[in-house]
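Take the sequence shown: its letter number 305 is residue 304 in numbering that gives the first Met the number 0, and every next letter is one higher.
Built from N, CA and C at the ideal position, the CB exists for glycine as well.
Model, not experiment: these values are computed from the prediction.
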Amino acid sequence: MATKKPKASAKPASKAKTTKSKAAAKTVMKPVSEAPKTKTVEETKPVKEKKSCLKGFFAKKYEEKEGILTVFKTPKFYGALIGEIIGTMLMMLLLFTFFLTGIAFSQGAANIAVYAIAVIAIYVAVHAFSGACLNPIVTVGMMASRRMSVIRGVMYIIAEIVGAWLGWLIFKAFQSVAGESAMELPSIAAVGEGQFWVTAMIELMGAIIIAFFYARALRYKRSAFTFAAIVAGGLSFACLIAFIVSYVFAGLSNNFIFNPAAALMLQIFPTAGENFGEVLGGICQALSIYALLPMIGGVVGFYLSDFAGKLSGEE
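Laid out in structure tokens, this is it:
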């Protein structure tokens with residue numbers, strides 16, 4: 000009789016339950032993977048930083064490397080100084096022979112147009128050399144608005160004074176050759192009592208107009224003719240307004256110049272007086288009217304242009 004093999008003893012029920020509970024515990028302990036978050040449209044957009052409209056208002060607008068140790072090493076700088084001397088000399092000859100003598104306003108608008116054309120020609124000729132400042136009013140405004148380094152600006156002002164002096168010498172040379180029939184060098188009329196503020200405000204207003212037009216013309220500096228036309232328009236406009244205010248309303252003549260370098264050549268300093276205090280007071284008065292206030296006006300004109308340009312979003 001065959002014997003049957005005994006069946007393997009089944010695992011106890013308690014042990015099976017414990018293994019199941021461990022497996023369930025493992026499944027419970029596993030962290031549930033979170034679904035990837037999708038970014039909304041607002042989150043994916045780049046956040047734009049709010050920039051102030053006046054950011055970079057006082058930033059340098061000239062080459063960082065330009066300084067007193069480097070500016071004299073380049074031949075271009077000496078070419079710029081020569082350009083300022085020649086350009087200022089030509090402007091002074093135009094001023095001496097055409098404007099201060101009254102020829103500019105003797106026949107109305109026709110002579111004003113001729114004056115503007117002559118100014119355009121001078122600025123176009125000199126523009127490539129130095130940018131054609133040709134006036135300490137403009138040069139000081141360029142320095143104050145950080146378009147020009149201090150050392151370059153100081154050297155430009157010296158060159159402009161030299162150019163005005165050369166123009167004065169040429170005019171005096173023609174005068175000496177002509178003899179008694181020569182026209183006298185025009186001079187600025189002495190400021191009388193009660194005329195100080197009128198003359199000072201005319202000089203300040205004209206300087207602001209000239210500097211503002213020059214600052215706007217720099218936007219078109221790649222086109223020499225456009226640049227020169229805007230500058231000449233500003234000069235003509237300032238002179239026309241000054242002539243109307245001084246001659247028609249105030250009854251004054253030859254009391255504005257709009258160029259400190261030229262004013263030094265036109266005998267603005269008193270040479271006689273009852274005492275030293277009177278002479279010194281006259282010198283301070285002349286300097287404040289024909290040098291200090293016009294250069295302040297140049298700074299105001301440049302900053303007025305920059306401020307309006309920043310508010311309008313101009314780069």
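Among M294, S252, S148, which has the Cα closest to the Cα of I208?
M294
For T96, does the three-state DSSP call read helix, strand or coil?
helix
For a test of the three-state rule: what should DSSP assign to G66, helix, strand or coil?
coil
For E83, I'd like the list of residues in its chain whose CB is within less than 7 Å of its CB, leaving aside the five on either flank, ordered along the chain.
S129, C132, L133, Y155, A158, E159, G162
How many Å lie between F76 and A228 at the Cα?
25 Å
For the stretch 108–123 against the stretch 214–231, are there 3 or more C-beta pairs whose distance is under 8 Å?
yes
Can you tell which of V137, I150, T96, S245 has the C-alpha that lies nearest to the C-alpha of L68?
With distances taken between Cα atoms, L68 lies closest to I150.
Flag this pair as yes or no: are the beta carbons of E202 and Y114 separated by less than 8 Å?
no
List the endpoints of the continuous alpha helix (DSSP H) containing Y213.
195–216
Buried or exposed: which applies to V27, given that a residue is buried once 16 or more other Cβ atoms fall within 10 Å of its Cβ?
Its pLDDT being 49, under 50, V27 is placed unreliably in this model, and the coordinates cannot settle the point.
At 4 residues or longer, and completely inside the stretch 118–174: list those alpha helix (DSSP H) runs for me, N to C.
135–143
Taking only runs that begin and end inside the stretch 218–266, name each unbroken alpha helix (DSSP H) of 4 or more residues, in chain order.
223–242, 259–264
At the level of alpha carbons, what is the spacing between G344 and S175?
Residue 344 lies beyond the range of the chain shown here (0 to 314); nothing can be said about it.
Let me confirm a value: V137 is counted as buried when at least 16 other C-beta atoms fall within 10 Å, else exposed. Which label applies?
buried
Would you tell me roughly how many angstroms separate the C-alpha atoms of V369 and K72, rounded to the nearest one?
The displayed coordinates of the chain run from 0 to 314. Any statement about residue 369 would go beyond what the structure contains.
Rounded to whole angstroms, what's the CA-CA distance from K64 to L80? Just pull it up for me.
C-alpha separation (whole angstroms): 19 Å.
Buried or exposed for W167, please, with buried defined as at least 16 other CB atoms from any protein chain shown within 10 angstroms of its CB.
Flag for W167 reads buried.
For M142, which residues in the same chain have their Cβ closer than 7 Å to its Cβ, ignoring the five residues on either side in sequence?
V149, G152
Here's a check: name, in chain order, each residue in its chain whose Cβ is nearer than 8 Å to the Cβ of F257, leaving out the five neighbours to either side.
N134, I136, E202, G205, A206, I209, L234, A237, C238, A241, P293
Output needed for A223: all residues of its chain with C-beta closer than 6 Å, excluding positions within five of it in sequence on either side, in chain order.
V123, H126
Determine the extent of the alpha helix (DSSP H) in which E277 is found, giving its start and end residues.
E277 -> alpha helix (DSSP H) spans 275–286.
For Q194 and S144, what's the separation of their Cα atoms in angstroms?
32 Å
Is E313 helix, strand or coil by DSSP?
Coil at E313, not helix or strand.
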